[in-house]
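Report on the following structure.
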């Protein structure tokens, strides 16, 4: 972080600060009746629509490291991560409240950078910032994002609807965000004692973008609606493929077979994994923070799903008693386990 | 806090912990379609209803002190404080999501105490816990509560609707929560080095209850609806009378006159203030955390308001150009200022 102009937060006061940070944000959504500045936000749902609500928190030192995470990207990512849970219900995100715990080490200018990223994510995805609070934190930065969304009642998809023989479908590719994080951590270690560090990121730009500025798969939810496809179950990939498939199986009381050679992995992900003597499949299974969507559809809808052009069928649903396994190219089966990425 | 049985949070894992904490919570609200355990909660608003949403965060060391704040009361208070913002829109709270940042010093048993208080507040006020997350915090306990509520569209009251000559109405009495906090802080100072401290709380029970376990004025919103009274503006008293009146004036572009001798102050509040050589009116003006409701109605509704039996008329709305003042019994005028309680 460059230290440019520095205005102390205390010099503005709580209301002055909120006014400054939110003055360029305008409500764009017709369902937003009242945004920030009242006791609560007021939203007028459209007839027949269900309101969806999700909360995600991000703690400095646990979920992000400000030595390499630019505040603008952090703001963008927080909105993306929370809104992704709305997409996972087959809904679209519409409103956001933000609760910030801010330590004195952050200046007003730093918070403005954070809000630039928040505003960018909001404007790209039609989300209105409608409220929240900003408080002193005794320690690091804490950000809690609550996103409200909406979907026609018949279109809402839960984790619990997967049926036997359903196809397991996946958007995008996996493991890239995790390898981006590994790269940033490596450069931080290597350059710890260097006075003017110049991290080596060439050829890894895609991985950094996937970690620092993840995309939100609004396009998928919109395509499904256009094609009138309602998945039987859906979840977003935030904890890694293994953990998220297991959660879907648990909710749907079913098993699953995932074919290892069908898990999509980007070229940069494989290349960096090889360079770092890691297995890219492990990054896909346990890395997390991909924010892609995993969903199931009946076997009969295979062609309609393939016609969307951006979906991989990576496996199928089996009876609960058969468990959840990864199938290797030689036909071997490895039980899926929820676990963190093995360190080192 | 007594240290009894101690189970480490890490021994349960994230999902085991959430299952344990939420297993006794049942959704009671017909509008709650899906509670915890999916990517997002799903809520079916009733036709013609507006959805209200508010977020409040509580930081250990800033908003509460665990040396004297029992965790059960803390859980209760967090729900109350957030839900109070829904009442201030003339709506009723219905759903809650909680985001907890938990340091390793807290045991599973401690979190269960916290959840007991949360569950009690929820069951008393018909609120469903529908989601949230529990994460590791590098430092103290952080609790963010998001409450969703609802109100018929024509019944929603904003801060911005006060009109000239409207009566300024207040529920309950002010300053008690602040004096409760002063008492707890005094006993903490006095007993700092005592091995088996026995704090002296006799005769001050009401003040402690107002600070540690504030009541939620659901009864007022229900009474107003029964009597078909829709206030012109409303706010809840969380920052102290002066700050909250000023916020209402700012939103409504108006001035106000508050009559000092009409500000209701409880006997225990005055008694402890006298004992501590403090002015109870200052506690009412700047203490905060009373969670009473302040609202305005047209002059013509005075009798209907008085018939409710639990409301004080403490002043009236004036033109913006005349400012916001406290009127003393001798007719003097003191400009209202938003400020913290003077220390010492």
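Residue numbers (the numbering used here), protein chains in the order written: chain A, 31 to 374; chain B, 31 to 374. A virtual CB, placed ideally from N, CA and C, is assigned to each residue, including glycine. Being a predicted model, the structure only gives us computed values, none of them experimental.
* Asked: Rounded to a whole number of angstroms, what is the C-alpha to C-alpha distance between residue 105/B and residue 84/B?
  -> 17 Å
* Asked: What did DSSP end up calling residue 287/B once you bin it into helix, strand or coil?
  -> strand
* Asked: In chain E, what lies closer than 8 Å to residue 119/A by C-beta?
  -> Going by chain labels, chain E is absent from the structure shown, which instead holds the protein chains A and B.
* What's the call for residue 369/A, buried or exposed, on a 16-neighbour Cβ count within 10 Å? -> exposed
* When the Cβ atoms of the stretch 227 to 235 of chain A are set against those of the stretch 356 to 363 of chain A, are three or more pairs found closer than 8 Å? -> no
* For residue 32/B, decide whether its Cβ has a neighbour in chain A, counting only Cβ atoms nearer than 7 Å. => Note on residue 32/B: pLDDT 49, under 50, position unreliable in the model; no value is reported.
* Asked: In whole angstroms, what separates the C-alpha of residue 273/B from that of residue 88/A?
  -> 31 Å
* Which residues, in order along the stretch 306 to 335 of chain B, keep a beta-carbon less than 9 Å from a beta-carbon of chain A? -> none
* Cβ of residue 373/A less than 7 Å from any chain B Cβ? -> Here residue 373/A scores only 35 on pLDDT, less than 50, and its place in the model should not be relied on; the value that follows carries that caveat. For residue 373/A, the answer is no, since every Cβ of chain B falls outside 7 Å of its Cβ.
* Could you check where the alpha helix (DSSP H) with residue 168/A kicks off and where it finishes? -> Residue 168/A -> no alpha helix (DSSP H), and no H or E assigned at all.
* By the criterion of Cβ-Cβ separation under 8 Å, what are the contact partners of residue 86/B in chain A? -> 129, 163
* Asked: In three-state terms, what does DSSP make of residue 240/A?
  -> helix
* beta strand (DSSP E) segment containing residue 304/B, residue limits -> That residue, residue 304/B, is in no beta strand (DSSP E); its alpha helix (DSSP H) goes 297 to 305.
* Outcome for residue 254/B when other beta-carbon atoms lying within 10 angstroms are tallied against a minimum of 16 -> buried
* **Contacts around residue 217/A, its chain only, beta-carbon distance under 6 Å, and the 5 residues preceding and following it disregarded** => 229
* Asked: Would a check of beta-carbon distances place residue 145/A closer than 7 Å to chain B?
  -> no
* Asked: Excluding the five sequence neighbours on either side, which residues of its own chain have a C-beta within less than 6 Å of the C-beta of residue 372/B, listed in chain order?
  -> Because the pLDDT of residue 372/B is 41, which lies under 50, any placement of that residue in the model is unreliable, and the question is left without a value.
* Asked: Roughly how many whole angstroms lie between the Cα atoms of residue 103/A and residue 126/B?
  -> Cα to Cα, residue 103/A sits roughly 29 Å from residue 126/B.
* **For residue 204/B and residue 251/B, the rounded distance between their alpha carbons** => Taking the straight line from one Cα to the other gives about 19 Å.
* **Inter-residue spacing [alpha-carbon to alpha-carbon] between residue 202/A and residue 47/A** => Distance between the alpha carbons of residue 202/A and residue 47/A: 39 Å.
* To do: Give the range of the beta strand (DSSP E) segment to which residue 363/B is assigned.
  => 363 to 365
* Starting from the C-beta of residue 338/B, find all residues in its chain whose C-beta is less than 6 Å away, skip the five residues before and the five after it, and write them out in chain order. => Cβ within range, chain order: 253.
* Would you say residue 174/B faces chain A, with C-beta separation under 7 Å as the test? -> yes
* To do: With residue 346/B as the anchor, note down where its beta strand (DSSP E) starts and where it stops.
  => 341 to 348
* Where does residue 55/A fall in DSSP's three states? -> Correct three-state label for residue 55/A: coil.
* **Closer than 9 Å at the beta carbon, the chain A residues around residue 281/B** => 67, 68
* Asked: Nearest to residue 348/B by alpha carbon, out of 308/B, 288/B, 334/B?
  -> 288/B
* Asked: Helix, strand or coil: how does DSSP classify residue 323/A here?
  -> strand
* **Three-way DSSP call (helix, strand, coil) for residue 127/B in this model** => strand
* **C-beta atoms of residue 113/B and residue 246/B nearer than 7 Å** => In contact: residue 113/B and residue 246/B (Cβ atoms closer than 7 Å).
* In chain order, what residues of the same chain have a beta carbon less than 6 Å from the beta carbon of residue 352/A, not counting five sequence neighbours either side? -> 285
* the stretch 142 to 154 of chain B touching the stretch 49 to 69 of chain A, judged by at least three CB pairs closer than 8 Å -> With the cut-off at 8 Å, the stretch 142 to 154 of chain B and the stretch 49 to 69 of chain A do not touch.
* Compare the C-beta of residue 262/B with all C-beta atoms of chain A and state if any pair is closer than 7 Å. => no
* Asked: residue 269/B by DSSP, collapsed to three states: which one?
  -> coil
* Sorted by chain position, which residues of the same chain lie with C-beta nearer than 6 Å to residue 211/B's C-beta, five sequence neighbours on each side aside? -> 241
* Contact between the stretch 70 to 82 of chain A and the stretch 230 to 239 of chain A (3+ Cβ pairs under 8 Å) -> no
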